[in-house]
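**Q** In my numbering, the protein residues as written are 175 to 389.
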Amino acid sequence: MSKFFDWLDKQFKIRSPHKRFFQRTIPPNINYTYCFGGIAFTYFLLLAMSGLLLTIYYIPTEKEAYNSVLLITNEVPLGWVIRGIHKWSASLYITFIIFHAIRVFLSRAYKPPRELNWMVGSLAFIASMASGFTGYLLPWDQKAYWATEVGTSMISTIPIAGKYIAYLVRGDSHVSANTLLRFYALHVLYLPLITIFLLWGHFHMIKRLGIASKY
Ligand code: HEM
Numbered sequence: 175m176s177k178f179f180d181w182l183d184k185q186f187k188i189r190s191p192h193k194r195f196f197q198r199t200i201p202p203n204i205n206y207t208y209c210f211g212g213i214a215f216t217y218f219l220l221l222a223m224s225g226l227l228l229t230i231y232y233i234p235t236e237k238e239a240y241n242s243v244l245l246i247t248n249e250v251p252l253g254w255v256i257r258g259i260h261k262w263s264a265s266l267y268i269t270f271i272i273f274h275a276i277r278v279f280l281s282r283a284y285k286p287p288r289e290l291n292w293m294v295g296s297l298a299f300i301a302s303m304a305s306g307f308t309g310y311l312l313p314w315d316q317k318a319y320w321a322t323e324v325g326t327s328m329i330s331t332i333p334i335a336g337k338y339i340a341y342l343v344r345g346d347s348h349v350s351a352n353t354l355l356r357f358y359a360l361h362v363l364y365l366p367l368i369t370i371f372l373l374w375g376h377f378h379m380i381k382r383l384g385i386a387s388k389y
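1. Quick one: what's got a C-beta closer than 8 angstroms to tyrosine 319's C-beta in the same chain, skipping five residues either side?
2. State yes or no: is the C-beta of histidine 274 nearer than 7 angstroms to some heavy atom of the ligand HEM?
3. Here's a check: name, in chain order, each residue in its chain whose Cβ is nearer than 6 angstroms to the Cβ of isoleucine 271, leaving out the five neighbours to either side.
4. Can you tell me whether DSSP reads asparagine 203 as helix, strand or coil?
5. Roughly how many angstroms separate the alpha carbons of asparagine 352 and leucine 383, rounded to a whole number?
6. Looking only at C-alpha atoms, which of Pro366, Gly325, Phe357 and Leu220 sits nearest to serine 265?
7. Straight-line CA distance for tyrosine 267 to serine 176?
8. Is it true that the stretch 371-378 meets the stretch 282-299, where meeting means three or more beta-carbon pairs spaced less than 8 angstroms apart?
9. For my contact list, alanine 386 and arginine 288 are in at a C-beta cut-off of 8 angstroms; report their separation, rounded to the angstrom.
10. Out of Gln185, Lys193, Arg194 and Tyr208, point me to the one whose CA is closest to leucine 388's CA.
11. Check whether the Cβ of leucine 266 lies closer than 7 angstroms to any heavy atom of the ligand HEM, and answer yes or no.
12. What are the boundary residues of the alpha helix (DSSP H) that includes proline 191?
13. Would you mind stating whether asparagine 291 and isoleucine 204 have Cβ atoms separated by less than 8 angstroms?
14. Give me the Cα-Cα distance between arginine 257 and glycine 325, rounded to the nearest whole angstrom.
15. Following the continuous alpha helix (DSSP H) through glycine 306, name the residue where it begins and the one where it ends.
16. Give a single yes or no on whether tyrosine 231 has its beta carbon closer than 7 angstroms to a heavy atom of the ligand HEM.
Take a look at the structure:
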C-alpha cells in the first residue's frame, strides 16, 4: 500500500503541501472548545452535499415546489434521510457558529491582530442566517409562506427605504412565485458562494495569524 502511495506521490507531489496544511503549531493551553469552528465547518460541508442532492428533485415553482418536497420525503429512495441531514445540519451549523463566536469572545481572540477575522466571521454568520431564512420558504407550505410574509414585512418597517427593500427581496408586493424563485437562487447559488468566499478569507487569516494563545 505504501509503495502505491509513493508511486502516486511521484506523479502528483501532494504529500508536502498536504503536510504543510495539516501539521501546524497550536498554542499548548487550548481545549476542546477550540474545535467549535471546525465542527461548524463540518456541518457546512454536510449542508452543501445534502443540498446538492436535494436540487436533483426539488422544483422551485409555485405549482411544483410543495409536491416536489413531498416526493423527496415519501418516494425518492433515502430522500427523507437526505432532507433530514440537511435540516439537522442547518440547525447544528448555526448552533456551533454561536458556540464558536462565544469561545472566540471569551478567549478575547477578537482583539488585534484578529479584528478583521472577527468581522469576516460576523459576515459569514449573517450570510448563514440569510441562507436559513431563504431555505425556510422552499417547502412552500403554510408555515413557510407565512413565516416569510412576516419576516419580509418586518423589512418594510425600516424608515423611508423599507418598502423598496421589501419589494426587492420579494420581487413583488407580497410573497409570490417571484419570491420563491428569488429565494431559491439566493439559497442555492448566491449565499453559498458568498459564504465560501468569506470562509476562505477566514481560514486564510487563521493560517497566517495562527490560533490566539488563551488569556
Ligand atoms: C460561519 C461559520 C464559521 C466557521 C465555519 C468558522 C470556522 C473557524 C475555525 C475552524 C477557526 C479555527 C479554530 C477555532 O478557533 O475554532 C476559526 C477561528 C476564528 N473565528 Fe471563526 N468560523 C465561523 C464564524 C465565525 C464568527 C461568527 C466569528 C465572530 C463573530 C468568528 C471569529 C473567529 C476568530 C476571531 C477566529 C480566530 C480565533 C483564534 O485565533 O483563537 N468566526 N473559525
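Heads up, the beta-carbon is just placed ideally off N, CA and C, and yes, glycines get one too. Note that the coordinates shown come from a computational prediction; the quantities given were computed from them, not determined experimentally.
**A** Reading off the structure:
1. Leu311 and Val349
2. yes
3. Ala214 and Phe299
4. For asparagine 203, the three-state secondary structure derived from DSSP is coil.
5. 44 angstroms
6. Leu220
7. C-alpha separation (whole angstroms): 37 angstroms.
8. yes
9. Their Cβ separation, rounded to whole angstroms, is 6 angstroms, which keeps alanine 386 and arginine 288 in contact under 8 angstroms.
10. For the record, residue 388 in the displayed sequence is lysine; it is not leucine. Checked all of Gln185, Lys193, Arg194 and Tyr208; the closest Cα to lysine 388 is Tyr208.
11. no
12. 189-196
13. no
14. Distance from the CA atom of arginine 257 to the CA atom of glycine 325, rounded to whole angstroms, is 23 angstroms.
15. 289-311
16. no
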